[in-house]
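Participant:
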Amino acid sequence: MAKQVHTKGESSIKRSRFFKHFFTYLFLIFLSLIIIYPLLITILTAFKNSDVVAFTLSFQGPWTLKNFHELFATTLYGKWYWNTLVISVATMVILVAVVTLAGYTYSRYSFAGRKWSLTFFLVVQMVPTMAALTAFYVLGMLLNGLDHYWFLTLIYIGGGIPMNTWLMKGYFDTVPYDFDESAKLDGAGNFTIFWKIVMPLVKPMIAVQALWAFMGPFGDFMLARYLLREESNLTVAVGLQEFISDPKDQQVALFAAGAILIALPICALFFYLQKYFVTGLTAGGSKG
Amino acid sequence: MVELNLEHIYKKYDNADDYSVTDFNLDIKDREFIVFVGPSGCGKSTTLRMIAGLEDITKGELKIDGSIVNDEAPKDRDIAMVFQNYALYPHMTVYDNMAFGLKLRKYSKEKIDKQVHHAADILGLEEYLDRKPAALSGGQRQRVALGRAIVRDAPIFLLDEPLSNLDAKLRVTMRAQVAKLHQDLKTTTIYVTHDQTEAMTMADRIVVMKDGKVQQIGTPQEVYDQPTNVFVGGFIGSPAMNFFNVTLDGQYIYDEGKNFNLKVPEGCLKVLKEKGYDKQKLIFGIRPEDMHTEQAFIETFPESQVKATVSVSELLGAESQLYSKVGDTEFVCKVDARDFVQPGTEVTVGVDLNKAHFFDLKSEESVY
Chain A
1 MAKQVHTKGE SSIKRSRFFK HFFTYLFLIF LSLIIIYPLL ITILTAFKNS DVVAFTLSFQ
61 GPWTLKNFHE LFATTLYGKW YWNTLVISVA TMVILVAVVT LAGYTYSRYS FAGRKWSLTF
121 FLVVQMVPTM AALTAFYVLG MLLNGLDHYW FLTLIYIGGG IPMNTWLMKG YFDTVPYDFD
181 ESAKLDGAGN FTIFWKIVMP LVKPMIAVQA LWAFMGPFGD FMLARYLLRE ESNLTVAVGL
241 QEFISDPKDQ QVALFAAGAI LIALPICALF FYLQKYFVTG LTAGGSKG
Chain B
1 MVELNLEHIY KKYDNADDYS VTDFNLDIKD REFIVFVGPS GCGKSTTLRM IAGLEDITKG
61 ELKIDGSIVN DEAPKDRDIA MVFQNYALYP HMTVYDNMAF GLKLRKYSKE KIDKQVHHAA
121 DILGLEEYLD RKPAALSGGQ RQRVALGRAI VRDAPIFLLD EPLSNLDAKL RVTMRAQVAK
181 LHQDLKTTTI YVTHDQTEAM TMADRIVVMK DGKVQQIGTP QEVYDQPTNV FVGGFIGSPA
241 MNFFNVTLDG QYIYDEGKNF NLKVPEGCLK VLKEKGYDKQ KLIFGIRPED MHTEQAFIET
301 FPESQVKATV SVSELLGAES QLYSKVGDTE FVCKVDARDF VQPGTEVTVG VDLNKAHFFD
361 LKSEESVY
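For the protein sequence lines, the chains are A and B, in the order given.
What the first sequence shows, in UniProt numbering, is residues 1 to 288, in sequence order.
What the second sequence shows, in UniProt numbering, is residues 1 to 368, in sequence order.
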């Protein structure tokens, strides 16, 4: 009798576990389809010959690298790619440097206007980029920055500062102040405390910031479209759009090939930074 | 050789109305082990942090070896400190944690190596030198924190509740280790704790604090035997001193309900009368170990008896603690384990009035 009850209970636990997993997997499969399906179409299209069969999910050949060859031989794609890389790297390096220092300052020091400026940051980043487009354009004209990378880079950096400073500050706040004080007594100055003690502990956030900052220019269409002119000065996002902007002559296969190549540097950076995406770096330092 | 003088030190935080530390005066001699003790929020940690240079001194002067250091940066004061939460650098190994301060002070590699290994040897940390703090137990982390301080060979050592995160058994072990360290190194040490046992066992001199004010400074024995006020009497000693509101009448003191009538010894009586407490109310304090239930004591001092009801009794092995009640006043007596009685029992307790303390009812200051 007792045994029977036991097995009954066990099987009901098994059943409920099955249902729990069933729905979890169902949901995951559904989400994967949404993500993988368009990705797959783009990849397949990139390696196919004709634009006619483009944008259908077909695994039939013939396969070719012609699109990639054409991309670099007959279009300005290579130039656009280089432009974007330059802008991305510059944005990443400067933004991360500025935001890290600003976040640290906001987290560790009190100064006149600290609270006020933090609130200002919060308000400023609520204004959508779209609303500021005209202002950017006028600013570009005044500074003679239209069609120049430095101006676009500055806009990207400026746009990233408020929100990312907040995030960095929040992350710096999680590093106990005890570490700073302990280092102070050990004889460390302000910069040593920042560089040797606190900075290593916020690497995960710095890695995230770097990745975001790098990805931004690759994905941004709007600002680049408005602020860059010459065809040879465009970034990839704007350049690629040229391939499909003519309704009568949509070079879909070329577009797909160009789009896929964008993923390469971002993936590379992601895998390089992956080792920093771990939480709990501060574990063990203070009481357990 | 180092001496520390705290002269009329005050601390007020920017957004506070009141002073967190008021008129703190203390001269610390070379090699002395000083313990600041008091309940949380009494200003003991704040005072320690002012000495370290982590907090500004609002008023007063802090002197190290005669020179005022109020405005000197922490690193220039040459002070080593152990934090309550250890504050080990999580991304560095035990070795690097200990070597960090020495590297910043530009010691040679060989010297750093020698000093780190020496400290690790004293604290039994040799085998953990390559580990990160996360891979250590609480006690080991605490030892690393100590090691980081002693490796510096600083003349002044500050410890901010260093044992409060450890479990009871480990705390006792580490307490002995800290005491031994001080005996070996002879570094001038200031130790902050809320645990009166730590204060009693380790200190050369204890500073008892409350609400930012120093209540009493003295050796453990002085503070225990001659508390300056009700607070110190109640804070130092475990279980705490018992207090009764009594009236002095002739040779006797009695409580409000006249539940007991105790004869005050001659010497004490004379002092109390001279101070004008005859027919006056005062606070009578007696430590739990000065209350006896042995028949011999009770028979010898028939005029020192209190009849009480035991409400809770704890048998601790070597002794028992009887939580009892007389009238509305609760008190504890610490008696021999053989005198253990069940709760609810009526007991006769003999009070050793030669060990009595008397305090003024209003000011709560000691009068005898």
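The beta-carbon is built from N, C-alpha and C at its ideal position, and this holds for glycine as well.
Values in this document were obtained by computation on a predicted structure and should not be read as measured data.
1. Could you please give the first and the last residue of the uninterrupted alpha helix (DSSP H) stretch that includes Met-168/A?
2. Taking only three categories from DSSP, how would you classify residue 394/B?
3. Drop a sphere of 10 angstroms on the beta-carbon of Ala-183/A, count the other beta-carbons inside from all chains shown, and report buried for 16 or more, exposed for fewer.
4. Spell out whether any CB of chain B is found under 7 Å from the CB atom of Gly-187/A.
5. Can you find a CB in chain B that lies within less than 7 Å of the CB of Gly-288/A?
6. Listing by chain order, which chain B residues have their CB less than 8 Å from the CB of Lys-20/A?
7. For chain B, check one thing: does any of its Cβ atoms lie closer than 7 Å to the Cβ of Pro-38/A?
8. Just how far apart, CA to CA, sit Leu-353/B and Gly-139/B?
9. Could you work out which residues of chain B lie near Ile-193/A, taking near to mean beta carbons separated by less than 7 Å?
10. Got a sec, what are the start and stop residues for the beta strand (DSSP E) Ala-80/B sits in?
11. Checking contacts by CB at 7 Å: is Arg-143/B closer than that to chain C?
12. Using a Cβ-Cβ cut-off of less than 8 Å, give me the residues of the stretch 262 to 277 of chain A that come near chain B, in sequence order.
13. Just curious, the beta strand (DSSP E) that Phe-24/B is in, first and last residue?
14. Please report the distance separating the alpha-carbon of Val-69/B from that of Gly-170/A.
15. For Asp-204/B and Gly-147/B, what's the separation of their Cα atoms in angstroms?
16. Can you pull the DSSP bridge partners for Leu-322/B?
17. Cβ atoms of Phe-172/A and Gly-103/A: under 7 Å apart, would you say?
18. Have a look at the DSSP bridge pairing and note the partners of Gly-285/B.
19. Which word fits His-21/A, buried or exposed, when buried means at least 16 other C-beta atoms lie within 10 angstroms of its C-beta?
20. Please check if any C-beta of chain A sits within less than 7 Å of the C-beta of Gly-60/B.
21. Return no unless some Cβ of chain A is closer than 7 Å to the Cβ of Arg-105/B.
22. Measuring CB atoms only, is the stretch 89 to 104 of chain B touching the stretch 183 to 200 of chain A, in the sense that at least three cross pairs come out at less than 8 Å?
23. Assign Gln-142/B to one of two classes, buried (16 or more other C-beta atoms within 10 Å of its C-beta) or exposed (fewer than that).
24. Checking the sheet assignment: what are the DSSP bridge partners for His-292/B?
25. Output needed in chain order: residues of the stretch 65 to 81 of chain B with a Cβ under 7 Å from some Cβ in chain A.
26. Is there contact between the stretch 219 to 229 of chain A and the stretch 106 to 118 of chain B, where contact requires at least three CB pairs shorter than 8 Å?
27. How should Gly-13/A be labelled, buried or exposed, when 16 other C-beta atoms within 10 angstroms of its C-beta is the threshold for buried?
28. Roughly how many whole angstroms lie between the Cα atoms of Leu-54/B and Ile-94/A?
29. Using alpha carbons as the reference points, say which of Cys-268/B, Met-202/B, Gly-212/B lies closest to Gly-218/B.
30. Counting contacts by CB-CB distance shorter than 7 Å, is Ile-197/A in contact with chain B?
31. Note down, one range per segment and in chain order, each alpha helix (DSSP H) of at least 4 residues found wholly within the stretch 210 to 261 of chain A.
32. Could you work out which residues of chain B lie near Asp-178/A, taking near to mean beta carbons separated by less than 9 Å?
33. Pairs of beta-carbons, one from the stretch 281 to 298 of chain B and one from the stretch 228 to 243 of chain B, closer than 8 Å: are there three or more?
34. Excluding the 5 residues flanking Met-1/A on each side, which residues of the same chain have their C-beta closer than 7 Å to its C-beta?
35. Say whether the stretch 251 to 263 of chain A touches the stretch 126 to 134 of chain B, bearing in mind that this needs 3 or more beta-carbon pairs closer than 8 Å, one atom from each stretch.
36. For Asp-167/B, write down the residues that DSSP places opposite it in a beta bridge.
Facilitator: On the basis of the coordinates in this document:
1. 149 to 173
2. Only positions 1 to 368 of chain B appear in the structure, and residue 394/B is not among them; the question remains open.
3. buried
4. yes
5. With a pLDDT of 42 at Gly-288/A, under the threshold of 50, the predicted position of this residue should be treated as unreliable, though the coordinate-derived value follows. Taking Cβ atoms only, chain B reaches closer than 7 Å to Gly-288/A, which makes this a yes.
6. The premise fails here: Lys-20/A is roughly 33 Å from chain B at the closest Cβ pair, so nothing lies under 8 Å.
7. no
8. 44 Å
9. The contacting residues do not exist; Ile-193/A stays about 10 Å from chain B at best.
10. 79 to 82
11. Protein chains in the displayed structure are A and B, and chain C is not among them.
12. none
13. 21 to 28
14. 35 Å
15. 22 Å
16. Ser-313/B, Cys-333/B
17. yes
18. Phe-243/B, His-357/B
19. exposed
20. no
21. yes
22. yes
23. buried
24. Gly-350/B
25. Pro-74, Lys-75, Ile-79, Ala-80, Met-81
26. no
27. Note on residue identity: the sequence assigns Ile, not Gly, to residue 13/A. So Ile-13/A counts as exposed.
28. 33 Å
29. Met-202/B
30. yes
31. 222 to 227, 236 to 245
32. Phe-83, Gln-84, Asn-85, Tyr-86, Ala-87
33. yes
34. With a pLDDT of only 42 at Met-1/A, under the threshold of 50, the placement of this residue in the model should not be trusted, and no figure is reported.
35. no
36. According to DSSP, Asp-167/B bridges with nothing at all.
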